[in-house]
Structure formats: C-alpha cells, structure tokens
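What follows is a single structure, written as structure tokens, with notes after it.
Written out as structure tokens, the structure reads:
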C-alpha cells in the first residue's frame, strides 16, 4: 500500500485521537495511512487480560476484539478527494453503527503481531463502509466489512 505518501502514528498520537485506554486500546501503531486507508499494528502479549479466560489452556484472542482493533484502525484512514487536509479529521469520531460481516479464518495467539488493513469502500453522508483484512505472520486471520457512522467529537 505504500504507493503514495503515508503517515505513521506512534502510541501517543493514537491516544490523542482515540478515547480508548487500557485494557481496550487495541492498536499499538499506525504503520501507514493515506487517502481512504490505514494499516495498524497490534502486538499480542500473554499479558492481555482476556487471555485469563479465553482460554486458560489454549489462549486465543477473541474475534470481537480483533474486530474492535479494525474499528479503531479505521479512525486513521486519511481523507479522500471529497475531504480536505492530509490527516484524519480529529474533530470527528467514527462509531460502529450497524452490521458487519467478519469472517475468521485463523487464530491469534500470544506472540503474534496483527497487521490490520482497513480501506474505505463507500461513503454515504455520515455513513462509511469499510473493508478490513487482518493477518499475522502466518497469514490472514479475519476479513470483512464494517459500517460506521461519523459524528462530531464531544469535548
């Protein structure tokens, strides 16, 4: 995806943009972003609190949290031709709205690094359809579509 100028964000910049905090901040770095896409990284550690019960003898990252990581990454998709500026609009926030069609094709275990790719499919007013692809060094673990609503950020 690095065919255009891209921007990366460290954890401080991510925390300035997202309201999420431990234990619900699901991305560690934005590796790339550009018009209508972003690529995020999540380093998965055995110290994640969800591994205590999911599952004690065979820890795997819950699918709902893999989906949440993709939703958080979507906040960093850069503007497209119908928007202005060169960075995600920090005055708005995107919320999961309705319906997603995630398919899980592998497991995520402690020690894995998630590569979360999100791409704008269609914008319909305040609604945004996003396609997500999540992979580890072992291949794709999930993919699907998510529908998001954009709203002004509350102070």
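Numbering (our numbering), first residue to last: 15 to 169. Note that beta-carbon positions come from the ideal geometry of N, C-alpha and C, so glycine has one too. Source: prediction; values computed, not measured.
Reducing DSSP to helix, strand and coil, say where residue i ends up.
i	result
residue 150	strand
residue 100	Caution is warranted here: a pLDDT of 45 is assigned to residue 100, below 50, making its placement in the model unreliable, and the coordinate value is therefore given only provisionally. Looking at residue 100 - three-state DSSP - the assignment turns out to be coil, as it is neither helix nor strand.
residue 90	helix
residue 61	coil
Just to confirm the assignment, what range does the alpha helix (DSSP H) spanning residue i have?
i	result
residue 9	Residue 9 lies beyond the stretch modelled for the chain, which goes from 15 to 169, so this question has no answer here.
residue 29	25-31
residue 80	77-87
Can you give the beta carbon distance from residue i to residue j, rounded, assuming they're within the 8 angstroms contact cut?
i	j	result
residue 146	residue 90	Their Cβ separation, rounded to whole angstroms, is 13 angstroms, which puts residue 146 and residue 90 out of contact at 8 angstroms.
residue 141	residue 161	6 angstroms
Quick one: what's got a C-beta closer than 6 angstroms to residue i's C-beta in the same chain, skipping five residues either side?
i	result
residue 100	Any reading at residue 100 must be qualified, since the residue scores a pLDDT of 45, below 50, and its modelled position is unreliable; no value is offered.
residue 131	53, 147
residue 21	47
residue 98	Residue placement at residue 98 cannot be trusted, given a pLDDT of 45 that sits under 50; the coordinates are not used to answer.
residue 126	58, 150
Give the single residue among the options whose Cα lies nearest to the Cα of residue i.
i	options	result
residue 166	24, 27, 31, 134	31
residue 83	133, 92, 39, 59	39
residue 49	135, 26, 42	135
residue 24	168, 34, 45, 60	45
residue 151	58, 164, 73, 70	58
residue 168	26, 29, 33, 66	33
residue 42	78, 51, 70, 87	87
Leaving out the 5 sequence neighbours to the left and right, which residues in its chain are closer than 8 angstroms to residue i when beta-carbon positions are compared?
i	result
residue 155	80, 118, 119, 120, 121, 122, 128, 148, 149
residue 73	60, 65, 123, 124
What does a CB cutoff of less than 7 angstroms around residue i pick up in its chain, not counting 5 residues either side in sequence?
i	result
residue 158	114, 115, 116, 117, 146
residue 172	Residue 172 is absent from the model: the chain starts at 15 and stops at 169.
residue 143	135, 136, 159, 161
Following the continuous beta strand (DSSP E) through residue i, name the residue where it begins and the one where it ends.
i	result
residue 127	127-138
residue 46	43-48
residue 57	51-57
Quick one: does the C-beta of residue i sit closer than 8 angstroms to a heavy atom of the ligand SAM?
i	result
residue 156	Among the components of this structure there are no ligands whatsoever, and the ligand SAM is therefore not found.
Does the beta carbon of residue i sit closer than 9 angstroms to a beta carbon anywhere in chain B?
i	result
residue 70	In summary, chain B is missing from the structure at hand, where a single protein chain is found.
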